[in-house]
Ligand code: FPP
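Numbering (the numbering used here), first residue to last: 213 to 437.
Here's what the structure looks like:
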């Protein structure tokens with residue numbers, strides 16, 4: 213049976229969930245943040261999962277209306293503040309990938325503090341992809357290698373990425389869209405994909421359990437026969 217060490221999720225469909233209910237898109241993001249908490253807690257208690265990477269804000273998401281971008285930034289700050297207790301209780305270490313430079317000073321501070329306070333937690337690493345784009349990450353990694361006079365090899369490049377943790381085993385995208393949207397292009401080279409029509413605010417631990425079962429029974433060949 214396949215081992216599931218690294219689960220990655222593209223959380224999509226918050227806006228459509230809200231629209232279906234005649235609500236503002238922001239309500240979808242709020243409910244989405246609650247689902248992040250539920251899924252993270254589940255993963256922290258899962259016997260195999262070591263890393264959970266969640267696509268929270270892409271380099272392309274800046275194109276959204278200013279009000280929505282500002283709301284997402286505030287929601288993230290609020291989430292991290294409220295979440296500290298849960299991170300500690302569930303022994304979750306918080307990490308990020310992506311370029312944090314454009315974020316406000318206060319958001320950068322909360323991010324840094326949460327990383328520092330949770331750094332010794334051992335049950336799960338929750339990685340939020342923030343202002344993340346995989347192509348951008350690969351370019352920054354190549355620059356790091358050139359700046360430090362290292363040879364450009366697969367091994368060195370892999371280590372120079374924002375995520376030197378492990379390759380992705382299973383990648384889920386919600387809401388029926390079937391694309392990678394510039395997420396973990398390098399790390400998902402041999403990932404198994406699962407696309408569900410469920411909108412992220414409706415995604416449940418029960419559905420995740422079923423998806424993991426499906427993953428367990430797949431045949432992974434990694435290019436062999
Ligand atoms: C996609 O839905 C979701 C996002 C761009 C942001 C993801 C954010 C959250 C799940 C909530 C905040 C997260 C944390 C960690 C606090 P969409 O807006 O693209 O939905 P649509 O495609 O239906 O419009």
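Think of the CB as a built atom: it goes at the ideal place given N, C-alpha and C, for glycine as much as any other residue.
In the DSSP assignment, residue 305 is bridged to 337. With a cutoff of 7 Å, residue 414 does not count as near the ligand FPP, since its C-beta is closer than that to no heavy atom of the ligand. Residue pairing from DSSP places residue 218 in a beta bridge opposite 263. In the three-state DSSP reduction, residue 344 falls in the strand class (E or B).
Secondary structure note for residue 406: it is in no alpha helix (DSSP H), and the uninterrupted beta strand (DSSP E) holding it is 404-407.
As DSSP reads the structure, residue 384 sits in a beta bridge with 221, 406.
The three-state reading of DSSP puts residue 316 in coil, since its state is none of H, G, I, E or B.
Nearest Cα to residue 427 within the set 390, 324, 382: 382. The straight-line gap separating the alpha-carbon atoms of residue 285 and residue 436 is approximately 44 Å. Separation of the CB atoms of residue 310 and residue 374 is rounded to 7 Å, and the pair is thereby assigned contact status at 8 Å. Taking a contact as a CB-CB distance under 8 Å, the pair residue 293 and residue 322 counts as one, their CB atoms being some 6 Å apart.
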